[in-house]
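Q: Residue numbers (this note's numbering): 71 to 212.
Here it is, the structure, as structure tokens.
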């Protein structure tokens with residue numbers, strides 16, 4: 071908002087003083103005074119703005135729930151496939167050992183076990199980093 075004030079001095083010189091103000095806000099909603107000004111320009115605008123913010127908030131929560139449900143399903147699916155791979159590796163290791171190839175059996179058993187351990191360690195590290203990142207975000211909001 072800008073406002074000019076003109077005054078004449080005793081020596082007939084004109085002085086112009088200009089004042090500019092600015093307002094900044096953060097968040098999904100403007101401050102109540104601004105909402106009231108919207109209502110003066112367009113009756114019912116504040117109610118529409120509040121409804122829009124509520125709708126957006128509901129949409130965001132719905133999307134977050136869908137992402138969490140998807141992550142849970144993916145985690146379960148990963149566990150099932152990990153179990154299948156582990157059991158297949160054990161069966162292959164034992165079968166090959168029975169048929170007289172102990173070195174090949176050891177290689178298959180070791181590679182199966184090490185890959186499953188690697189996936190577990192990698193997944194645990196990723197989840198820990200996500201938790202730490204979320205914790206930092208929450209601490210900065212306080």
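For every residue, glycine included, the Cβ atom is placed at its ideal position computed from N, Cα and C.
Quick check: the stretch 186–204 against the stretch 151–167, are at least 3 beta-carbon pairs closer than 8 Å?
A: yes
Q: Fully enclosed by the stretch 133–205, which beta strand (DSSP E) runs are 3 residues long or longer?
A: none
Q: Can you give me the Cβ contacts of residue 120 inside the same chain, cut-off strictly under 6 Å, excluding the 5 residues immediately before and after it?
A: Translated into the one-based positions of the chain shown, residue 120 becomes position 50. Excluding sequence neighbours, residue 120 sits near nothing in its chain.
Q: For the stretch 92–109 against the stretch 120–129, are there 3 or more C-beta pairs whose distance is under 8 Å?
A: yes
Q: Roughly how far, in whole angstroms, is the beta-carbon of residue 157 from the beta-carbon of residue 166, given that I think they are within contact range, below 8 Å?
A: In the chain shown, counting from the first residue as 1, residue 157 sits at position 87. In the chain shown, counting from the first residue as 1, residue 166 sits at position 96. The Cβ separation is near 15 Å, so there is no contact.
Q: Of all the CB atoms in chain B, is at least one closer than 8 Å to the CB of residue 179?
A: Reference to chain B is not applicable here, since this structure consists of a single protein chain.
Q: Using C-beta distances below 8 Å, list every residue in its chain close to residue 106, excluding the 5 sequence neighbours before and after it, in chain order.
A: Counting from one through the chain shown, the residue named residue 106 turns up at place 36. Taking C-beta separations shorter than 8 Å and ignoring five residues to either side along the sequence, the partners of residue 106 in its chain run 116, following chain order.
Q: For the alpha helix (DSSP H) containing residue 112, list its first residue and its last residue.
A: Locating residue 112 in the chain shown gives position 42, where the first residue counts as 1. No alpha helix (DSSP H) holds residue 112; DSSP gives it neither H nor E.
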